[in-house]
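Colleague: Have a look at the structure that comes next, please.
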Amino acid sequence: MAKELKDLTKRADNYSQWYNDLVIKADLAEQSAVRGCMVIKPYGYAIWEKMQHHLDMMFKETGVQNAYFPLLIPKSFLSREADHVKGFAKECAVVTHYRLKTDPNGTGVIVDPEARLEEELIIRPTSETIIWNTYRNWINSYRDLPLLVNQWANVFRWEMRTRMFLRTAEFLWQEGHTAHATSEEAQAKAIEMLNVYADFAEKYMALPVVKGVKTANERFAGALETYTIEAMMQDGKALQSGTSHFLGQNFAKAFDVKFINKENQLDYVWATSWGVSTRLMGALIMTHSDDNGLVLPPKLAPIQVVIIPIYKNEEQLKVVDAKVQPIVDNLKKLGISVKYDNADNKRPGFKFADYELKGVPVRLVMGARDIENNTVEVMRRDTLEKETVSLDGIEDTVVNLLNDIQQGIYNKALKHREECTYTVDTWEDFKAQIEKGGFVLAHWDGTTETEEKIKEETKATIRCIPMDSKPEEGKCIYTGKPSHRRVIFARNY
């Protein structure tokens with residue numbers, strides 16, 4: 082067994098440490114020289130690239146186009162929308178000078194005090210302000226609408242307590258920003274993009290999510306409504322996995338973005354913004370992986386199938402090579418990413434453990450005896466079950482197995498969420514259940530004051546008001562005041 086796997090903390094012993102260990106040992110990322118920032122390694126980035134690819138295609142199917150906007154934002158822009166600046170002010174990194182110079186003491190470089198910027202620049206925490214300042218030049222008439230733009234970018238929010246992928250100062254994401262002629266169109270777009278996120282999470286990540294509306298206290302800064310997808314991790318904590326915001330006319334008014342409507346009247350446009358980030362990598366890890374390492378959904382795995390030969394000498398290896406190459410070629414023709422690892426610098430046992438650690442969905446093992454018997458050993462990563470099957474039709478076997486794994490890990494995650502979702506009606510039951518973890522469905526009186534008191538006393542937040550929830554009369558678990566529907570409470574990442 083590989084040393085990396087031996088040293089992997091067990092989930093039951095310390096779930097948080099297990100996660101940190103796995104990110105590093107599976108070669109996904111590592112800490113950088115910059116506090117709070119990470120280096121995403123090639124294997125981790127390959128997973129993110131697959132996420133990008135599928136999401137990008139899904140965005141474009143809705144009419145969205147990609148663009149790119151500046152990393153640096155004039156400080157004055159963040160002052161134009163009061164709620165927005167209030168929400169991000171404490172997280173902003175500020176550029177004050179534009180030049181360095183040699184230290185007169187000869188010890189390196191220093192900031193040139195004479196190179197101070199006339200106006201400080203903010204490293205983007207999000208791009209609403211710079212984008213809406215740009216849209217003012219792009220939008221004049223209803224004929225220019227809707228304007229549907231997305232950018233793949235990095236953002237920076239000064240985080241003091243970080244965890245790789247889940248919360249870092251700099252992270253990668255996409256942010257969509259759309260402009261519309263009517264409120265109804267904008268709200269429909271915000272919900273449409275939330276549904277795109279939910280479809281991606283469930284179909285590609287094998288991640289069951291709850292679609293819902295955020296409370297006023299949890300809304301995006303500057304939004305009139307925030308929609309969210311919430312997922313449950315194996316430890317029962319919630320993870321906000323994507324958000325879509327109806328911004329109303331707030332940013333249009335702040336940046337004077339007007340258009341001539343069909344009635345030939347001047348009006349402000351209506352806006353949305355929506356985004357997901359490398360936090361999805363954290364969701365992927367914590368939803369499916371186990372004490373042997375990563376468990377990746379086949380649709381996002383950089384390597385979907387690995388083939389490992391067993392041989393005693395070069396002659397045997399040549400025989401296996403000849404048998405394996407057509408299989409590799411056929412799998413690739415089917416769009417399956419496959420790696421034939423016949424390198425002689427690592428023993429088969431090490432390779433087995435290493436590919437298990439990295440979550441490769443299917444492993445094929447073939448030796449001289451298998452060639453004689455026309456068989457191959459097949460192992461599926463999700464259950465670690467092994468089976469010896471015929472080489473005839475092996476490509477169809479692999480395709481069916483990948484589909485089965487994809488559906489299987491989704492079903493397992495959904496079952497876990499269902500088993501860890503509870504309904505409570507009293508404050509005492511609520512506190513007891515929150516301590517155990519999971520999603521707690523409970524009545525709430527609808528006030529921010531009550532929401533904050535519950536959070537203060539239990540560390541639980543309202544994750545969302547489920548969009549598919551039905552009205553139900555009841556009493557708030559905290560105040561006893563009337564409530565018209567249940568909301569989801571949970572502790573979260």
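Numbering of the sequence shown is given in this note's numbering, commencing with residue 82 and proceeding in unit increments.
Note that the Cβ used here is the ideal one computed from N, Cα and C, for glycine as well.
Values in this document were obtained by computation on a predicted structure and should not be read as measured data.
(1) How would you write the range of the beta strand (DSSP E) that residue 258 sits in, first residue to last?
(2) Report buried or exposed for residue 91, applying the criterion of at least 16 other Cβ atoms within 10 angstroms of its Cβ.
(3) So, helix, strand or coil for residue 327, using DSSP?
(4) Span of the alpha helix (DSSP H) holding residue 194?
(5) First and last residue of the alpha helix (DSSP H) that includes residue 525?
(6) Can the beta-carbon of residue 308 be found closer than 8 Å to that of residue 262?
(7) Please state whether DSSP places residue 162 in a helix, a strand or coil.
(8) Using alpha carbons as the reference points, say which of 298, 233, 185, 433 lies closest to residue 575.
(9) Spell out a yes or no on whether the segment 155-170 and the segment 384-393 are touching, meaning 3 or more CB-CB pairs, one atom from each, closer than 8 Å.
(10) Note the first and the last residue of the continuous alpha helix (DSSP H) segment covering residue 429.
(11) Suppose you measure from the CA of residue 399 to the CA of residue 449; what does that come to, to the nearest Å?
(12) Indicate the three-state DSSP secondary structure (helix, strand or coil) for residue 565 in the structure shown.
(13) Indicate the three-state DSSP secondary structure (helix, strand or coil) for residue 145 in the structure shown.
(14) For a test of the three-state rule: what should DSSP assign to residue 395, helix, strand or coil?
(15) Could you tell me whether the Cβ atoms of residue 106 and residue 302 are closer together than 8 Å?
(16) Nearest CA to the CA of residue 446: which residue from 469, 424, 439, 453?
(17) May I ask you to verify whether the segment 400-415 touches the segment 474-483, counting CB pairs closer than 8 Å and requiring at least 3?
(18) How about the segment 271-291 and the segment 524-532: do they share at least three Cβ pairs that are nearer than 8 Å?
(19) So the alpha helix (DSSP H) residue 232 belongs to, where does it begin and stop?
(20) Helix, strand or coil: which one does DSSP assign to residue 82?
(21) Relative to the C-alpha of residue 98, which candidate in 539, 501, 371 has its C-alpha closest?
(22) The beta strand (DSSP E) spanning residue 348 covers which residue range?
(23) Going by DSSP, which residues form a beta bridge with residue 120?
(24) Below 8 Å CB to CB, which residues in the same chain sit around residue 338 once its five sequence neighbours on both sides are set aside?
(25) Taking only three categories from DSSP, how would you classify residue 533?
(26) List the whole-angstrom C-beta distance separating residue 366 from residue 96, where the pair is believed to meet the contact cut-off of C-beta under 8 Å.
(27) Which runs of the alpha helix (DSSP H) at least 4 residues long sit entirely within the segment 264-314? Give them in chain order.
(28) If you reduce the DSSP assignment to three classes, tell me which class residue 488 lands in.
(29) Using a Cβ-based criterion (distance less than 7 Å to any ligand heavy atom), does residue 331 qualify as near the ligand ZN?
(30) Whose C-beta lies closer than 7 Å to the C-beta of residue 559 among residues of the same chain, with five residues either side of it excluded?
(31) What did DSSP end up calling residue 95 once you bin it into helix, strand or coil?
(32) Please name the residue in 161, 189, 194 whose C-alpha comes closest to that of residue 177.
(33) So who's on the other strand from residue 520, going by DSSP bridges?
(34) Considering only their Cβ atoms, is the gap separating residue 311 from residue 326 smaller than 8 Å?
(35) What separation, rounded to the nearest whole angstrom, lies between the Cα atoms of residue 361 and residue 334?
(36) Should residue 281 and residue 110 be called a contact, given that it needs their Cβ atoms to be closer than 8 Å?
Modeller: A quick look at the data gives this:
(1) Bounds of the beta strand (DSSP E) holding residue 258 are 251-261.
(2) exposed
(3) strand
(4) No alpha helix (DSSP H) holds residue 194; DSSP gives it neither H nor E.
(5) Where residue 525 is concerned, there is no enclosing alpha helix (DSSP H), given that its DSSP letter is neither H nor E.
(6) Taking 8 Å as the cut-off, the Cβ atoms of residue 308 and residue 262 do not count as close.
(7) coil
(8) This structure leaves residue 575 out entirely; the chain is present only between 82 and 574.
(9) no
(10) Its alpha helix (DSSP H) spans residues 429-438.
(11) 10 Å
(12) coil
(13) coil
(14) helix
(15) no
(16) Checking every option, the nearest Cα to that of residue 446 belongs to 469.
(17) yes
(18) no
(19) Per DSSP, residue 232 belongs to no alpha helix (DSSP H); it is in the beta strand (DSSP E), 228-237.
(20) Because the pLDDT at residue 82 is just 46, under 50, the model does not fix this residue reliably, and the point stays unresolved.
(21) Of the candidates 539, 501, 371, the one whose C-alpha sits nearest the C-alpha of residue 98 is 371.
(22) Counted as a single uninterrupted DSSP element, the beta strand (DSSP E) harbouring residue 348 occupies residues 347-349.
(23) 111.
(24) Excluding positions up to five away in sequence, the list reads 213, 216, 217, 220, 260, 332, 349, 350.
(25) helix
(26) 11 Å between Cβ atoms; not a contact.
(27) 264-284
(28) helix
(29) Looking at this structure, you won't find the ligand ZN or any other ligand, since it has none at all.
(30) 508, 531, 534, 535
(31) coil
(32) Considering only alpha carbons, the answer is 194.
(33) 502
(34) no
(35) Distance between the alpha carbons of residue 361 and residue 334: 33 Å.
(36) In this structure, residue 110 does not lie closer than 8 Å to residue 281 by Cβ.
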